[in-house]
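A.B. asks:
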Amino acid sequence: MKPLKEFTIPFVGLKLGTHHFNFKIEQAFFEYFEYEDFNNSNINVDVELVKNTTLLELHFTISGTVNINCDVTNEPYDQVINNEFDLVVNFGDEYNDENIDILILPHGAYEVNIQQYIYELIVLAVPIKRIHPGVEDGTLSSDILEKLKELSPELDDEKKKNEDIDPRWNTLKKLLTDK
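For the sequence shown, position 13 (counting from the first letter as 1) is numbered 1064 according to the numbering used here, and the numbering increases by one without interruption.
Laid out in structure tokens, this is it:
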């Protein structure tokens, strides 16, 4: 998979200090990764790069919305996501990304590609259980919700009212209270 050029930061020509980069993430970005869970996306990524003499520090901040389907009703809704991540880029003999927070680039590297970090940061910001806000507050009306209510088991209080208790049990209960 070839890296996307717009997510490659050439750091060789940058002065020592802090530099800011902004990226707008839309659905085409996830199509590149063949990730199909999002119907649509509108995400802003702010990257603050601090260049030091021996290493680079990157601070990622994402905010925006992704349109996903609810796990309960399969209705699409916009999920707000926010996430942050810090990455240290150091230099060594060979490329190494085994550590989550540290990326080692070979000596002589002049750019860093951050597309994989942005992708993982966005995907991990989405909750595991995706529930439409209308389901939680009861404002969503859906055929699936109506069917779920119809098929759900009755509450315990209603069951007790509907069941006829065997009179022998009442006699046994008197034994407990007659002490």
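Where a beta carbon is used, it is the ideal one built from N, C-alpha and C, also for glycine.
Small disclaimer: the values here were computed from a predicted structure and weren't measured.
(1) Quick one: using the 10 Å Cβ neighbour count with 16 as the cut-off for buried, is GLY1115 buried or exposed?
(2) Quick one: grab the DSSP three-state call for THR1104.
(3) Who are the near neighbours of LEU1106 in its chain, counting only those whose CB is closer than 8 Å to its CB and skipping five residues on each side?
(4) At the level of alpha carbons, what is the spacing between ILE1119 and TYR1128?
(5) THR1190 lies in the alpha helix (DSSP H); which residues open and close that run?
(6) Starting from the Cα of ASN1073, find the closest Cα among TYR1170, ASN1150, THR1112 and give me that residue.
(7) Which residue from LEU1100, GLY1064, LEU1175, TYR1168 puts its Cα closest to that of ILE1132?
(8) Hey, would you say ILE1060 sits closer than 9 Å to VAL1163, going by beta carbons?
(9) CA-CA distance, LEU1223 and PRO1204?
(10) Reducing DSSP to helix, strand and coil, say where ASN1090 ends up.
(11) Under a Cβ-count criterion, where at least 16 other Cβ atoms within 10 Å of its own Cβ denotes burial, should ASN1213 be classed as buried or exposed?
(12) Ignore the nearest five residues each way along the sequence and tell me which others in ASN1090's own chain have a CB closer than 6 Å to its CB.
C.D. replies: Walking through what the data contain:
(1) Indexing the sequence shown from 1 puts residue 1115 at position 64. Buried, because 16 or more other Cβ atoms sit within 10 Å of the Cβ of GLY1115.
(2) For the purposes of this step, residue 1104 is identified with residue 53 of the sequence shown, where counting begins at 1. Under the three-state reduction of DSSP output, THR1104 falls in the coil class, being neither helix nor strand.
(3) Residue 1106 sits at position 55 when you count from the first residue of the sequence shown. If you ignore the 5 residues before and after LEU1106, its C-beta comes within less than 8 Å of the C-beta of VAL1139, VAL1140, ASN1141, PHE1142, all in its own chain and listed in chain order.
(4) Residue mapping note: residue 1119 aligns to position 68 of the sequence shown, counting from 1. Residue mapping note: residue 1128 aligns to position 77 of the sequence shown, counting from 1. If you take the alpha carbons of ILE1119 and TYR1128, they lie about 6 Å apart.
(5) Locating residue 1190 in the sequence shown gives position 139, counting from the first residue. Counting along the chain, THR1190 falls outside any alpha helix (DSSP H), and DSSP gives it neither H nor E.
(6) The residue you call residue 1073 lines up with position 22 of the sequence shown. It is THR1112 whose Cα lies nearest to the Cα of ASN1073.
(7) Here residue 1132 refers to the residue found at position 81 when the sequence shown is read from its first residue. Ranking LEU1100, GLY1064, LEU1175, TYR1168 by CA distance to the CA of ILE1132 puts LEU1175 first.
(8) Counting from one through the sequence shown, the residue named residue 1060 turns up at place 9. Counting from one through the sequence shown, the residue named residue 1163 turns up at place 112. In contact: ILE1060 and VAL1163 (Cβ atoms closer than 9 Å).
(9) Stepping through the sequence shown from its first residue, residue 1223 is reached at position 172. Stepping through the sequence shown from its first residue, residue 1204 is reached at position 153. When rounded, the distance between both Cα atoms is 29 Å.
(10) The sequence position of residue 1090 within the sequence shown is 39, counting from 1. Here DSSP, grouped into helix, strand and coil, assigns ASN1090 to coil.
(11) Position 162 of the sequence shown, counting from 1, holds the residue named residue 1213. Low per-residue confidence applies at ASN1213: pLDDT is 49, beneath 50, and the placement is therefore not dependable enough to give any value.
(12) By one-based count along the sequence shown, residue 1090 stands at place 39. Annotation for ASN1090: ASN1118, PRO1127 place their beta carbon closer than 6 Å to its own, counting only its chain and skipping 5 residues before and after.
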